[in-house]
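As you go down the protein sequences, you meet chains A and B in turn.
Under our numbering, the first residue of the first sequence is numbered 103, with each subsequent residue one higher.
Under our numbering, the first residue of the second sequence is numbered 103, with each subsequent residue one higher.
Number of protein chains: 2
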Amino acid sequence: MRNSLAALGLAAIATQPALGYDGLVAKQSFDYPGAFTTVGGAAIKQVKVGYETLGKLDAAGTNAILIPHFFSGNSHFAGRYKAEDKAPGYWDAIVGPGKPLDTDKYFLISVDSLCNINTKDGVTVTTGPASTDPDTGKPYAMRFPEVQIHDFVTIQKALLDKLGVKKLHAVMGASMGSLQSYEWAATYPAMVERLVAVIPAAQVDAYGIERVRHWGDIIKLDPAWKHGDYYGGPEPMDGLVMAFKVLSLDTLSPEWGDAAFGRRWADPAKDPAKSYDNQYAVEAAADASAMARAKMTDADNLICLARANELFTVGGKDSLEEGLKAIKAKTLLLPSHNDHLLFPEATRHVRDLLQAQGTKVEYQELAGPMGHVNGVVGMAQTADTLTKFLAE
Amino acid sequence: MRNSLAALGLAAIATQPALGYDGLVAKQSFDYPGAFTTVGGAAIKQVKVGYETLGKLDAAGTNAILIPHFFSGNSHFAGRYKAEDKAPGYWDAIVGPGKPLDTDKYFLISVDSLCNINTKDGVTVTTGPASTDPDTGKPYAMRFPEVQIHDFVTIQKALLDKLGVKKLHAVMGASMGSLQSYEWAATYPAMVERLVAVIPAAQVDAYGIERVRHWGDIIKLDPAWKHGDYYGGPEPMDGLVMAFKVLSLDTLSPEWGDAAFGRRWADPAKDPAKSYDNQYAVEAAADASAMARAKMTDADNLICLARANELFTVGGKDSLEEGLKAIKAKTLLLPSHNDHLLFPEATRHVRDLLQAQGTKVEYQELAGPMGHVNGVVGMAQTADTLTKFLAE
Numbered sequence: 103m104r105n106s107l108a109a110l111g112l113a114a115i116a117t118q119p120a121l122g123y124d125g126l127v128a129k130q131s132f133d134y135p136g137a138f139t140t141v142g143g144a145a146i147k148q149v150k151v152g153y154e155t156l157g158k159l160d161a162a163g164t165n166a167i168l169i170p171h172f173f174s175g176n177s178h179f180a181g182r183y184k185a186e187d188k189a190p191g192y193w194d195a196i197v198g199p200g201k202p203l204d205t206d207k208y209f210l211i212s213v214d215s216l217c218n219i220n221t222k223d224g225v226t227v228t229t230g231p232a233s234t235d236p237d238t239g240k241p242y243a244m245r246f247p248e249v250q251i252h253d254f255v256t257i258q259k260a261l262l263d264k265l266g267v268k269k270l271h272a273v274m275g276a277s278m279g280s281l282q283s284y285e286w287a288a289t290y291p292a293m294v295e296r297l298v299a300v301i302p303a304a305q306v307d308a309y310g311i312e313r314v315r316h317w318g319d320i321i322k323l324d325p326a327w328k329h330g331d332y333y334g335g336p337e338p339m340d341g342l343v344m345a346f347k348v349l350s351l352d353t354l355s356p357e358w359g360d361a362a363f364g365r366r367w368a369d370p371a372k373d374p375a376k377s378y379d380n381q382y383a384v385e386a387a388a389d390a391s392a393m394a395r396a397k398m399t400d401a402d403n404l405i406c407l408a409r410a411n412e413l414f415t416v417g418g419k420d421s422l423e424e425g426l427k428a429i430k431a432k433t434l435l436l437p438s439h440n441d442h443l444l445f446p447e448a449t450r451h452v453r454d455l456l457q458a459q460g461t462k463v464e465y466q467e468l469a470g471p472m473g474h475v476n477g478v479v480g481m482a483q484t485a486d487t488l489t490k491f492l493a494e
Numbered sequence: 103m104r105n106s107l108a109a110l111g112l113a114a115i116a117t118q119p120a121l122g123y124d125g126l127v128a129k130q131s132f133d134y135p136g137a138f139t140t141v142g143g144a145a146i147k148q149v150k151v152g153y154e155t156l157g158k159l160d161a162a163g164t165n166a167i168l169i170p171h172f173f174s175g176n177s178h179f180a181g182r183y184k185a186e187d188k189a190p191g192y193w194d195a196i197v198g199p200g201k202p203l204d205t206d207k208y209f210l211i212s213v214d215s216l217c218n219i220n221t222k223d224g225v226t227v228t229t230g231p232a233s234t235d236p237d238t239g240k241p242y243a244m245r246f247p248e249v250q251i252h253d254f255v256t257i258q259k260a261l262l263d264k265l266g267v268k269k270l271h272a273v274m275g276a277s278m279g280s281l282q283s284y285e286w287a288a289t290y291p292a293m294v295e296r297l298v299a300v301i302p303a304a305q306v307d308a309y310g311i312e313r314v315r316h317w318g319d320i321i322k323l324d325p326a327w328k329h330g331d332y333y334g335g336p337e338p339m340d341g342l343v344m345a346f347k348v349l350s351l352d353t354l355s356p357e358w359g360d361a362a363f364g365r366r367w368a369d370p371a372k373d374p375a376k377s378y379d380n381q382y383a384v385e386a387a388a389d390a391s392a393m394a395r396a397k398m399t400d401a402d403n404l405i406c407l408a409r410a411n412e413l414f415t416v417g418g419k420d421s422l423e424e425g426l427k428a429i430k431a432k433t434l435l436l437p438s439h440n441d442h443l444l445f446p447e448a449t450r451h452v453r454d455l456l457q458a459q460g461t462k463v464e465y466q467e468l469a470g471p472m473g474h475v476n477g478v479v480g481m482a483q484t485a486d487t488l489t490k491f492l493a494e
């Protein structure tokens, strides 16, 4: 994510105070015990997912903070794998000794999702359409069952049980990570003490359903997609690149465009008015970013993950009010002021519903020019709020 | 537009007070005198565009109101061609005797744009990629030169000259119609007495450039597009449908989704969690709407028109402040409160710049659940403001 933002010409905007966590972090992996049954009733014989931890679990098993990741991310929330890594995990600015997610106090853990899109980054471990179906020895492709955010929570719970986690001091996630965080708080209210929902949604609304499905539908336009059975042949790269162009812009804002590009041309000698081949700077940067992201991504996994997001409403309840009722955790809501994907208005509505049912809730809007992405690159501004919220 | 909104399940929302203009209206057509040279310097041998008028031009030629149209529209702003037409022109609710755009007082005129996308609706008259190149006897396809909003203005000016219009009592347009309206006021300040900019932009910013180009780029993913040379063979319908799905959502808002669909399933017996083939109601409606719109549309014309929008900055000036300086017309700005395509924040900035330079300017935000589309279907709410503004 951070690298793809650099490709969007955003190095200056995306840079945060350096050095949260100085040590190295390693990807580990977890095999779900036995066959996994989805909340929809489908069986998946083998589920394996990656995870990363920082800090140390205390003897009572009560100092853990779970950090589910966003749509295009993975469990690499802070630190570096190797000293020479170009960038640390996405929330590094708020992680480390003396930082809000204090590695001297808390045991931090994040788990790669099912259908994680980053199958080609060399580190993500996931199970999804790109995985081999043990029954056939071939990739599942679109025969992989639909999965839901609740399934991610079920797998994370099994891993936490294995590690000896008894209570979650907090669950805290951005975007799709917030969906998982809400679902955790609604599913295990006795286990979750605090909920931090960043650029969040407690329910994907009609507008969100339609937005999210476009990302997968665009890929399907590419004839190389072959109804999902492209494995072993050319992959639908053109479709993936187009999907990332749309997805990326959906997460940004006009302020981002003004700050980074304005109406500058990609090449000062090539006027866009003279040829369709001549681009604006924003277009060339978006193309480069989308290409870089597409190269890391499996198309079918993206379609699967988009569907999981479409299907989400907290607690599986049609009514948002009903779904929120189970949540007892003290809650901190951190939407972005100029988020045009998961709108702050929707989070204010959630705040009001939580308050009305007697759940303690705090609310702070993230500033910054980056739209939805403020919740990934702009978290340093929440340090004081977050430290206080986690300490109380 | 009105029909495609009905397909989106919005009949109830989109309905306005009935019966603006009761009479019938006819499409006329205008041949630009001689060859047309674009502002970019390219020659087009023959330019023909359609236009519609209501009311009567006065002897002095000073009671005309020009109504440039939005991206997916044409010059059919009010009335019906035949009594049995299902719907009247898009702004019918504010047009007619006693209405703000009073056909007893004003001579109303609208002109089909270059590269108009509605080549298959049986009424639109346009010149663009789908037109025959007189030099080859074949469609121009992507060999048609890039055109700009300023070119639309040049053609409209030639038609107004021919009709004997000396002054524009007002120029008033929605969305791409506002681009043309700003350009009119900046190009012919002595001729334009009033400017009404609805869901407007005086400059397409980086975010807007990137949004708009996606519509064309999605079409290009369809192998039937063949770099634009699909004429006489199968057209890139899949690409067009996908482009309209994205374009349509770009013009809407979460409030629209909540009001029209929520998380309802398309078929109460078919749970979206059980199969990728099962849809939410919003998805099925969006598919139907996009299909209906795609059938009316030429793909290359859409690409051409998208580019014209990307290229727009008022007066052709890099600096918005510089571009606005030429505008002397008394101005009324009518952005939509929940517009996520052309944001009200940008229009407040234009208001401040116009005020600072001494141009008289009024500002009112459109209410309603429809996002950008409030400027098409929600104009009845502006009737008093508009009547007063046009009378003073």
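For every residue, glycine included, the Cβ atom is placed at its ideal position computed from N, Cα and C.
Closer than 9 Å to chain B by CB, A:Ser438: Taking the first sequence and counting its residues from 1, the one referred to as residue 438 of chain A is at position 336. Not a single C-beta of chain B is nearer than 9 Å to the C-beta of A:Ser438.
Of the residues B:Gly230, B:Ala303 and B:Asn176, the one placed nearest B:Asp223, counting alpha carbons only: For this step, residue 223 of chain B is matched to residue 121 along the second sequence. Comparing Cα-Cα distances from B:Asp223 to each of B:Gly230, B:Ala303 and B:Asn176, the minimum goes to B:Asn176.
Pairwise C-alpha distance: B:Met274 and B:Leu434: Mapped onto the second sequence, residue 434 of chain B falls at position 332. Mapped onto the second sequence, residue 274 of chain B falls at position 172. Rounded to whole angstroms, B:Leu434 and B:Met274 show a C-alpha spacing of 9 Å.
Counted within 10 angstroms of its Cβ, other Cβ atoms place B:Asp214 as buried (16 or more) or exposed: The residue labelled residue 214 of chain B in the question sits at position 112 within the second sequence. Per the 10 Å Cβ criterion, buried.
The segment 321–335 of chain B: positions lying closer than 7 Å to chain A by Cβ: Flagged, chain order: Leu323, Asp324 and Pro325.
Of the residues A:Pro370, A:Gln258, A:Val306 and A:Ala371, the one placed nearest A:Pro135, counting alpha carbons only: Locating residue 135 of chain A in the first sequence gives position 33, where the first residue counts as 1. Looking at the Cα atoms, A:Gln258 is the closest of the given residues.
Limits of the unbroken beta strand (DSSP E) element including A:Thr256: For this step, residue 256 of chain A is matched to residue 154 along the first sequence. Membership of A:Thr256 in any beta strand (DSSP E) is not indicated; the residue belongs instead to the alpha helix (DSSP H) covering Ile251 to Leu265.
Same chain, Cβ closer than 6 Å to A:Asn220, neighbours up to 5 away in sequence not counted: As a working note, residue 220 of chain A is residue 118 in the first sequence. Here the set comprises Asn176, Thr226 and Met398.
For B:Gly230, the residue or residues it bridges with in DSSP: The residue given as residue 230 of chain B occupies position 128 in the second sequence. B:Gly230 is not bridged to any residue.
Beta-carbon spacing of A:Ser280, A:Ile301 below 9 Å: Position 178 of the first sequence holds residue 280 of chain A. Position 199 of the first sequence holds residue 301 of chain A. It is a contact, given that the beta carbons lie within the stated cut-off.
Short CB-CB distance (under 9 Å) between B:Pro374 and chain A: Working through the second sequence from its first residue, we reach residue 374 of chain B at position 272. Output row for B:Pro374: interface = yes.
Secondary structure of A:Ile167, DSSP reduced to three states: Mapped onto the first sequence, residue 167 of chain A falls at position 65. A:Ile167 falls in the strand class under three-state DSSP.
Identity of the residue in B:Thr353, B:Ala396 and B:Ala137 nearest B:Asp339 by Cα: Translated into the one-based positions of the second sequence, residue 339 of chain B becomes position 237. Note that residue 339 of chain B is Met in the sequence shown here, rather than Asp. Here the closest residue by C-alpha is B:Ala396.
Residue range of the unbroken beta strand (DSSP E) whose run includes B:Val151: Along the second sequence, one-based indexing puts residue 151 of chain B at 49. Residues Lys150 to Leu156.
Straight-line gap, B:Glu357 to B:Met472 (C-alpha atoms, nearest Å): Taking the first residue of the second sequence as 1, we reach residue 357 of chain B at position 255. Taking the first residue of the second sequence as 1, we reach residue 472 of chain B at position 370. C-alpha separation (whole angstroms): 7 Å.
DSSP beta-bridge partners of A:Met472: Taking the first residue of the first sequence as position 1, residue 472 of chain A is located at position 370. BP columns for A:Met472 are empty, so no partner.
Residues in the segment 340–353 of chain A having any Cβ partner in chain B nearer than 7 Å: Asp340, Gly341, Met344, Lys347, Val348 and Leu351
Proximity to A:Met481 [Cα-Cα], best of A:Ile146, A:Gly157 and A:Lys201: Reading the first sequence from its first residue, position 379 is the one you call residue 481 of chain A. That would be A:Lys201, whose Cα lies nearest to the Cα of A:Met481.
Residue burial classification, B:Gly143 (beta-carbon count within 10 angstroms, cutoff 16): For the purposes of this step, residue 143 of chain B is taken as the residue at position 41 of the second sequence. Result: exposed.
Neighbour flag for B:Gln148 against chain A, beta carbons, 9 Å: Position 46 of the second sequence, counted from the first residue, corresponds to residue 148 of chain B. With 9 Å as the cut-off, B:Gln148 does not count as an interface residue toward chain A.
Integer-rounded CB distance, given that A:Leu261 should sit under 8 Å from A:Phe132: Against the first sequence, residue 132 of chain A aligns to sequence position 30. Against the first sequence, residue 261 of chain A aligns to sequence position 159. With 8 Å as the limit, A:Phe132 and A:Leu261 qualify as a contact, their Cβ atoms being about 5 Å apart.
Burial state of B:Asp206, where buried means 16 or more other Cβ atoms lie within 10 Å: What you label residue 206 of chain B is simply residue 104 of the second sequence in a count that begins at 1. It counts as exposed.
Reduced DSSP secondary structure (H/G/I, E/B, other) of A:Ile311: Here residue 311 of chain A refers to the residue found at position 209 of the first sequence. Look at A:Ile311 here: in three-state DSSP terms it is helix.
Chain-order list of residues whose beta-carbon lies under 6 Å from that of A:Thr489 (same chain, five-residue window excluded): Translated into the one-based positions of the first sequence, residue 489 of chain A becomes position 387. Within the same chain, A:Thr489 has close Cβ partners Pro202.
Minimum Cβ-Cβ distance from B:Asp319 to chain A less than 9 Å: Residue 319 of chain B sits at position 217 when you count from the first residue of the second sequence. It does; some Cβ of chain A falls within 9 Å.
C-alpha gap between A:Thr350 and A:Tyr309, whole angstroms: Counting from one through the first sequence, the residue named residue 350 of chain A turns up at place 248. Counting from one through the first sequence, the residue named residue 309 of chain A turns up at place 207. Thr is not the amino acid found at residue 350 of chain A; the sequence shown has Ser there. Cα to Cα, A:Ser350 sits roughly 17 Å from A:Tyr309.
C-alpha distance - B:Thr449 paired with B:Gly318, whole-angstrom precision: Locating residue 449 of chain B in the second sequence gives position 347, where the first residue counts as 1. Locating residue 318 of chain B in the second sequence gives position 216, where the first residue counts as 1. Taking the straight line from one Cα to the other gives about 26 Å.
Member of A:Gln457, A:Asn411, A:Ala410 and A:Phe179 whose CA lies at the smallest distance from the CA of A:Tyr123: The residue labelled residue 123 of chain A in the question sits at position 21 within the first sequence. Closest in C-alpha terms to A:Tyr123, from the list A:Gln457, A:Asn411, A:Ala410 and A:Phe179, comes A:Phe179.
B:Trp193 in three-state terms, based on DSSP: Walking along the second sequence from the start, residue 193 of chain B turns up at place 91. B:Trp193: coil per DSSP, three-state reduction.
A:Gly330 beta carbon less than 9 Å from that of A:Asp402: Position 300 of the first sequence, counted from the start, is the residue given in the question as residue 402 of chain A. Position 228 of the first sequence, counted from the start, is the residue given in the question as residue 330 of chain A. A contact, by the Cβ cut-off of 9 Å.
Contact list for A:Gln282 against chain B, beta-carbon separation under 9 Å: For the purposes of this step, residue 282 of chain A is taken as the residue at position 180 of the first sequence. Here the premise fails: no neighbours, minimum Cβ distance about 17 Å.
DSSP three-state assignment for A:Pro199, whether helix, strand or coil: Here residue 199 of chain A refers to the residue found at position 97 when the first sequence is read from its first residue. Here A:Pro199 sits in coil by DSSP.
Pick from B:Gly181, B:Gly198, B:Lys158 and B:Leu156 that is closest to B:Ala485, judged by C-alpha positions: Within the second sequence, residue 485 of chain B is the residue found at index 383, counting from 1. With distances taken between Cα atoms, B:Ala485 lies closest to B:Gly198.
Sequence-distant residues of the same chain with beta carbon closer than 8 Å to B:Glu295, five excluded per side: On the second sequence, position 193 is the one that residue 295 of chain B refers to. Hits under 8 Å: Lys269, Leu270, His271, Ala272, Ala431 and Lys432.
CB contact check: B:Ala413 to chain A, cutoff 9 Å: One-based indexing of the second sequence puts residue 413 of chain B at position 311. What sits at residue 413 of chain B in the sequence shown is Leu, not Ala. Chain A, which has a Cβ nearer than 9 Å to the Cβ of B:Leu413, makes this yes.
Cβ-based neighbour list, B:Met393, same chain, cut-off 6 Å, excluding 5 preceding and 5 following: Position 291 of the second sequence holds residue 393 of chain B. The beta carbon of B:Met393 lies closer than 6 Å to those of Val343 in the same chain, with the five residues before and after it left out.
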